[in-house]
Amino acid sequence: MIPMTPALAAQIDETERLAQPRGDSMQISRDVGHLLANIALAHQAKLIVEVGTSYGFSGMWWSALLATCNGHLHTIDVLDKKYSTAKATFAAAGLADRVTSHLGNAREIIPTIPGVIDVAFIDADKPSTQAYFDLLWLKLRVGGAIVTDNVISHPQEMEAYLTALRARDDAHTVTIPMRAGVEWTVKLR
4 MIPMTPALAA
14 QIDETERLAQ
24 PRGDSMQISR
34 DVGHLLANIA
44 LAHQAKLIVE
54 VGTSYGFSGM
64 WWSALLATCN
74 GHLHTIDVLD
84 KKYSTAKATF
94 AAAGLADRVT
104 SHLGNAREII
114 PTIPGVIDVA
124 FIDADKPSTQ
134 AYFDLLWLKL
144 RVGGAIVTDN
154 VISHPQEMEA
164 YLTALRARDD
174 AHTVTIPMRA
184 GVEWTVKLR
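Numbering (our numbering), first residue to last: 4 to 192.
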């Protein structure tokens, strides 16, 4: 079981409850949250970068695992409303010291994040997925992973991206058919 403080569990419940009324959250499901935490655990992640914060739901799942190893999450969103709300959610969940929230263009922010990335998550505008991947791949350690959401729910937008992933000789990638479809790509060298 992923260890959670009462404040973190309450914020996960509240953010999940608000997803439908907000109408624009497009957040992962609770079961995908568990999957993300397990992926981070499997990769012994201490530095995670997330492109597409939304209201902070996935960030809380990453952070629950990062609390066990004193790790850190950098999360990026281009929309001020989501950035501000997620930042407040992280603070209410007791994660303010574990999460760095960035507001702006991920293409500009990713290169400025210090350190070697263990795991990255792409859940943002689909036309930019390949550009985000390329920037993250440069900073990703061998044995690390990039997880991409919506590979099944957005087949036309993600087709070229998935084709490019499968053609790489420095990666192993697999589609996990949960919810909107999660692609788990591991860096081999």
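C-beta atoms are modelled at their ideal positions from N, C-alpha and C, and glycine is treated no differently.
Per-residue DSSP class, three states only, for residue i
i, result
"Ala94", "helix"
"Asp137", "helix"
"Ala148", "strand"
"Asp16", "helix"
"Lys190", "strand"
"Ile179", "strand"
"Val119", "coil"
"Val3", "The structure shown does not extend to residue 3, since the chain is modelled only from 4 to 192, so the question has no answer here."
"Ala99", "coil"
"Ala48", "coil"
"Ala174", "strand"
"Ile112", "helix"
Proximity winner among the options, relative to residue i (alpha-carbon distances)
i, options, result
"His77", "Arg192, Thr18, Met161, Phe124", "Phe124"
"Val189", "Arg144, Val119, Gln133, Val81", "Arg144"
"Gln30", "Arg171, Val150, Asp126, Ser87", "Asp126"
"Tyr58", "Arg182, Asn108, Ser104", "Ser104"
"Ser156", "Ile149, Tyr135, Lys129, Pro114", "Lys129"
"Thr178", "Gln159, Ala163, Arg171, Val150", "Val150"
"Glu17", "Ile112, Ala43, Arg33, Pro117", "Arg33"
"Ile112", "Ile42, Lys142, Arg171", "Lys142"
8 Å Cβ shell around residue i - same chain, five flanking residues per side excluded
i, result
"Ala10", "Ala95, Ala96, Gly97"
"Arg169", "Thr176"
"Gly36", "Ile15, Phe60, Ser61, Met63, Trp64"
"Ser131", "Ala109, Arg110"
Pair within 8 Å by beta-carbon distance, residue i and residue j
i, j, result
"Val185", "Asp137", "no"
"Val154", "Leu165", "yes"
"Ala45", "Asp121", "no"
"Met181", "Leu68", "no"
"Asp80", "Ala91", "no"
"Ile71", "Pro114", "Checking the sequence shown, residue 71 turns out to be Thr, not Ile. In this structure, Pro114 does not lie closer than 8 Å to Thr71 by Cβ."
Residue i - partner residues in DSSP beta bridges
i, result
"Gly80", "The displayed chain sequence assigns Asp, not Gly, to residue 80. Its beta-bridge partners are Leu106."
"Val54", "Ile79, Ile125"
"Leu143", "Ile120"
"Trp185", "Correcting the residue type first, residue 185 is Val in the shown sequence and not Trp. Answer by DSSP bridge pairing, in chain order: Asp152, Ile179."
Close-in-space but distant-in-sequence residues of the same chain around residue i (CB under 6 Å, 5 per side omitted)
i, result
"Asp173", "Leu191, Arg192"
"Met161", "Val154"
Beta-carbon contacts of residue i that lie in its chain and below 7 Å, excluding the five residues immediately before and after
i, result
"Val102", "Gly62, Ser66, Leu76, Thr78, Phe93"
"Gly147", "His46, Ile120, Asp121, Val122, Lys190"
"Leu106", "Asp80, Asp83, Tyr86"
"Ala134", "Arg110"
Within-8 Å CB hit, residue i to chain D
i, result
"Pro180", "This model lacks chain D altogether, as it is built from one protein chain only."
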